[in-house]
Structure formats: structure tokens, C-alpha cells
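Here the working numbering is used: the first residue of the sequence shown is 17, the next is one more, and so on.
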Amino acid sequence: MALLQVGQNGHKYSKGAEAGRPDPGRICPLQVGCPWRFHMSPQVVLATAITSISANKLRAGLTLLGIVIGVAAVISLLSIGRGAQDAITERIQSLGTNLLFVRPGGTTQGGVFGGQVSSASLTLDDAEAMEDPVLAPSVKSVAPELGTSGQVVAGRENTFTQIAVVTPEYQFVREFTLASGQFITQTHLDRSSQVVVLGSSVAEDLFGFRDPVGQPVRINGRQFLVIGVLESKGGGFFGSFDDQVVVPITTVYNRLSSSRTAQGGVSVQTINVQAVDVGSME
17 MALLQVGQNG
27 HKYSKGAEAG
37 RPDPGRICPL
47 QVGCPWRFHM
57 SPQVVLATAI
67 TSISANKLRA
77 GLTLLGIVIG
87 VAAVISLLSI
97 GRGAQDAITE
107 RIQSLGTNLL
117 FVRPGGTTQG
127 GVFGGQVSSA
137 SLTLDDAEAM
147 EDPVLAPSVK
157 SVAPELGTSG
167 QVVAGRENTF
177 TQIAVVTPEY
187 QFVREFTLAS
197 GQFITQTHLD
207 RSSQVVVLGS
217 SVAEDLFGFR
227 DPVGQPVRIN
237 GRQFLVIGVL
247 ESKGGGFFGS
257 FDDQVVVPIT
267 TVYNRLSSSR
277 TAQGGVSVQT
287 INVQAVDVGS
297 ME
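This is the structure in C-alpha cells:
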């Protein structure tokens with residue numbers, strides 16, 4: 017049996033411990049100043065951990081499960097945040113970083129084509145004034161637009177979609193590219209031609225894998241000739257650019273609608289303004 021002694025610091029220890037030998041009869045705590053203190057090797061630590069886990073399998077399993085769930089939750093939240101950031105960035109880039117939208121006050125429904133106008137409406141004359149390099153030197157391009165919606169029918173197929181009533185500049189301001197055919201031209205505006213350019217989703221819904229160019233369609237009961245199909249562009253803040261059709265603004269006002277200002281001007285809902293650069297927008 018070991019002989020217990022009292023050290024200078026008041027701790028009790030066995031005589032065997034003085035020689036550095038472990039003694040089962042020790043009661044000395046493992047703290048600084050205890051002459052019996054020793055260091056456990058990594059092998060001993062690992063063996064002790066394995067023994068503890070084996071003796072408490074349920075607790076060890078629940079602890080491991082909690083760690084896995086916590087890490088998975090953090091990774092999922094980071095992925096969702098990055099995905100949302102990428103989606104917002106993509107939509108902003110699809111609109112253009114140097115694009116401004118000029119709109120009047122509250123809009124009201126009007127016109128046989130279902131367009132929206134305002135009591136304080138913008139007109140084509142306003143758009144032309146914004147193109148003046150003296151009055152607006154920071155403006156690169158201007159594209160007036162009237163947004164509405166309607167039923168588009170091709171044979172037995174039909175779809176309800178957005179209708180962009182625009183000028184030729186709309187293609188460049190919104191940075192559209194064509195998959196086939198052509199976009200609206202100044203000649204179409206001058207003649208008020210009943211022509212239409214289809215978004216990629218509309219073209220697929222109505223014609224499948226067939227080429228729509230040169231085919232007739234009916235928009236709200238009026239016949240139009242398909243002259244082009246847009247490349248897929250994806251979603252924007254105001255809906256998908258692929259789910260729309262584009263028609264000349266003069267066609268709508270000269271042939272299909274009677275909505276004009278009191279002075280006889282052609283009303284527009286939005287004027288898309290493309291600045292020379294981002295710095296000129298400040």
C-alpha cells in the first residue's frame with residue numbers, strides 16, 4: 017500500500033509518485049503544481065475516445081447527426097443566397113446597366129387593342145425630344161413602348177402573352193438578337209404594317225420546331241404576318257422576354273386603336289432610354 021504524504025503546496029500524493037511512477041492510491045488532482053502530473057500520448061487519447069464512443073453509441077450518433085445537419089443547413093443557406101444573388105444579377109444584366117425607364121403618372125385602360133394610357137401620358141413627341149443631342153447629350157438611344165397583352169392564335173394552337181408595341185430602336189435598347197427573320201423596321205412603321213416578331217417561347221408554343229417566319233397569326237382577332245423570332249433572353253423584372261410578341265407602334269394606333277392624347281399625339285406607356293454610359297446616369 018502506498019504511503020501518502022503532503023507536499024509543499026498542500027496536495028497529497030504517494031511516495032511512488034515522487035519517483036514518477038503512477039500509483040493507484042493517488043488522490044492528487046491533475047493541475048499545475050501537482051508532482052504526479054503526466055502527459056497522455058495521442059495513441060492513449062485515441063483509444064480513450066474510441067472506448068467512450070463505443071460505450072455511448074446513441075449519444076455519439078446523435079451528436080454526429082447534429083453536426084451533419086448543422087453543416088448541411090449552413091451550406092444550403094449559402095447556396096440559396098448565392099443562387100438568389102445570381103438570379104438578381106442576371107435580371108439586371110438582361111435589362112442593361114445603362115437603361116432608364118421614363119413613365120408618366122397613373123395609367124388607365126383604353127383603346128380597342130387593350131392598351132394602357134395615362135391622363136398625363138407620354139407621347140412619341142416626348143421620345144423624339146429625348147433624342148435631341150442638345151437637350152439630352154447623355155442619351156444614346158430612345159425606344160418608346162406601349163405594353164399590353166392578348167391572345168395569339170396560329171392554326172389550332174393559341175397562347176395568351178405579353179404584347180410589346182414598339183419602334184425599331186427597341187431591339188437595340190433592350191439588346192435583343194434574332195434567331196431568324198428580321199426585326200421591325202422604319203418601313204414597317206411608315207406603312208403601319210401588320211407584322212409581328214415572336215419571342216422564343218411563343219414561337220415554340222405556336223409552331224413547335226417549325227420555322228414561324230412567313231406564317232400568319234391572329235392577335236386579338238387581327239391577322240399579322242410573322243417576320244422574325246427572337247433569341248431566348250430569359251426573365252426580366254417585368255416578366256419573361258421570351259414570352260412576348262413585338263408589333264409596330266404605328267400599326268396599333270393607325271389600324272387597331274383610337275387611344276390618343278387630347279392634342280392628337282400618339283400615347284406611349286414607357287420610354288426606354290439608353291444612356292451613353294453608367295456614369296452619365298448620375
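For each residue, glycine too, the CB sits at the ideal point set by N, CA and C.
Legend entry - Rounded separation between Glu144 and Ala88 - CA only: Taking the first residue of the sequence shown as 1, we reach residue 144 at position 128. Taking the first residue of the sequence shown as 1, we reach residue 88 at position 72. Taking the straight line joining both Cα atoms gives about 56 Å.
Inset, instruction - Could you tell me whether the Cβ atoms of Pro184 and Thr201 are closer together than 8 Å? - result: The residue given as residue 184 occupies position 168 in the sequence shown. The residue given as residue 201 occupies position 185 in the sequence shown. Contact flag set, yes.
Inset, instruction - Determine the extent of the beta strand (DSSP E) in which Gln290 is found, giving its start and end residues. - result: Residue mapping note: residue 290 aligns to position 274 of the sequence shown, counting from 1. Thr286 to Ala291 is the span of the beta strand (DSSP E), which, as asked, contains Gln290.
Legend entry - Three-state secondary structure assigned by DSSP to Pro58: The residue labelled residue 58 in the question sits at position 42 within the sequence shown. Under the three-state reduction of DSSP output, Pro58 falls in the helix class.
Legend entry - Which of helix, strand or coil DSSP assigns to Phe197: Walking along the sequence shown from the start, residue 197 turns up at place 181. A small correction: the amino acid at residue 197 is Gly; Phe does not occupy that position in the sequence shown. Gly197 falls in the strand class under three-state DSSP.
Inset, instruction - Kindly list the residues whose CB is nearer than 8 Å to the CB of Pro264, restricted to its own chain and excluding five residues on each side of it in sequence; keep chain order. - result: The residue given as residue 264 occupies position 248 in the sequence shown. Result list for Pro264: Val181, Val182, Thr183, Ile200, His204, Leu205, Ser208, Ser209 and Val211, in chain order.
Inset, instruction - Report yes if the C-beta distance between Gln178 and Gly163 is below 8 Å; otherwise report no. - result: The residue labelled residue 178 in the question sits at position 162 within the sequence shown. The residue labelled residue 163 in the question sits at position 147 within the sequence shown. It is a contact, given that the beta carbons lie within the stated cut-off.
Inset, instruction - Grab the span of the alpha helix (DSSP H) containing Gln202 for me, first residue to last. - result: Here residue 202 corresponds to residue number 186 of the sequence shown, with the count starting at 1. Run containing Gln202: Gln202 to Arg207, per the alpha helix (DSSP H) assignment.
Legend entry - From Ala291, Gln239, Leu140 and Val90, residue whose alpha carbon lies closest to that of Arg271: Position 255 of the sequence shown, counted from the first residue, corresponds to residue 271. Checked all of Ala291, Gln239, Leu140 and Val90; the closest Cα to Arg271 is Gln239.
Legend entry - Residues bridged to Leu241 (per DSSP): Residue numbering aside, residue 241 sits at position 225 when the sequence shown is read from its first letter. The partner list for Leu241 (beta bridge, DSSP) reads Val211 and Pro232.
Inset, instruction - Check each candidate in Leu81, Gly82 and Glu161 and name the one with the smallest Cα separation from Pro120. - result: The residue given as residue 120 occupies position 104 in the sequence shown. For Pro120, the nearest C-alpha among the options comes from Glu161.
Legend entry - DSSP beta-bridge partners of Asn174: Here the question's residue 174 lines up with position 158 in the sequence shown. Answer by DSSP bridge pairing, in chain order: Val169.
Inset, instruction - Could you pull the start and end residues of the alpha helix (DSSP H) that Val218 belongs to? - result: Against the sequence shown, residue 218 aligns to sequence position 202. Element bounds for Val218: Ser216 to Phe223.
Inset, instruction - May I ask you to list the residues that DSSP assigns as paired with Ala159? - result: Along the sequence shown, read from residue 1 onward, the residue named residue 159 stands at position 143. Ala159 is bridged to Asn288.
Inset, instruction - For Val242, count neighbouring Cβ atoms within 10 angstroms of its own Cβ and tell me buried if that reaches 16, exposed if not. - result: For the purposes of this step, residue 242 is taken as residue 226 along the sequence shown, with counting starting at 1. Its Cβ being crowded by 16 or more others within 10 Å, Val242 is buried.
Inset, instruction - State the CB to CB distance for the pair Ser216 and Val262, rounded to an integer number of angstroms; the pair is presumed to be in contact (CB under 8 Å). - result: On the sequence shown, residue 216 is found 200 positions in, with the first residue counted as 1. On the sequence shown, residue 262 is found 246 positions in, with the first residue counted as 1. Not really, about 12 Å apart at Cβ, beyond 8 Å.
Inset, instruction - Assign Phe176 to buried or exposed, taking buried as 16 or more other Cβ atoms, counted over all protein chains shown, within 10 Å of its Cβ. - result: The residue labelled residue 176 in the question sits at position 160 within the sequence shown. Classification of Phe176: exposed, given that the 10 Å Cβ count is below 16.
Legend entry - Beta-carbon contacts of Arg234 that lie in its chain and below 6 Å, excluding the five residues immediately before and after: One-based indexing of the sequence shown puts residue 234 at position 218. Excluding sequence neighbours, Arg234 sits near Val169.
Inset, instruction - Closer than 6 Å by C-beta to Ser135: which residues in its own chain qualify, once you throw out the five before and the five after it? Chain order, please. - result: On the sequence shown, residue 135 is found 119 positions in, with the first residue counted as 1. Residue confidence for Ser135 is low, a pLDDT of 46 falling below 50, so the modelled location carries little weight; the figure read from the coordinates is stated next. Around Ser135: no qualifying Cβ.
Inset, instruction - Give the DSSP-derived three-state secondary structure of Ser137 in the structure shown. - result: Position 121 of the sequence shown, counted from the start, is the residue given in the question as residue 137. It is coil, neither helix nor strand.
Legend entry - Buried or exposed (CB count within 10 angstroms, at least 16 for buried), Val60: Here residue 60 corresponds to residue number 44 of the sequence shown, with the count starting at 1. Classification for Val60: exposed.
Legend entry - Ser248 and Leu138 closer than 8 Å at C-beta: On the sequence shown, residue 248 is found 232 positions in, with the first residue counted as 1. On the sequence shown, residue 138 is found 122 positions in, with the first residue counted as 1. In this structure, Leu138 does not lie closer than 8 Å to Ser248 by Cβ.
Inset, instruction - Using three-state DSSP, classify Ala180 as helix, strand or coil. - result: For the purposes of this step, residue 180 is taken as residue 164 along the sequence shown, with counting starting at 1. Here Ala180 sits in strand by DSSP.
Legend entry - Rounded separation between Ala219 and Thr79 - CA only: Sequence index remark: in the sequence shown, residue 219 carries index 203 (1-based). Sequence index remark: in the sequence shown, residue 79 carries index 63 (1-based). Cα atoms of Ala219 and Thr79: separation of roughly 55 Å, rounded to the nearest angstrom.
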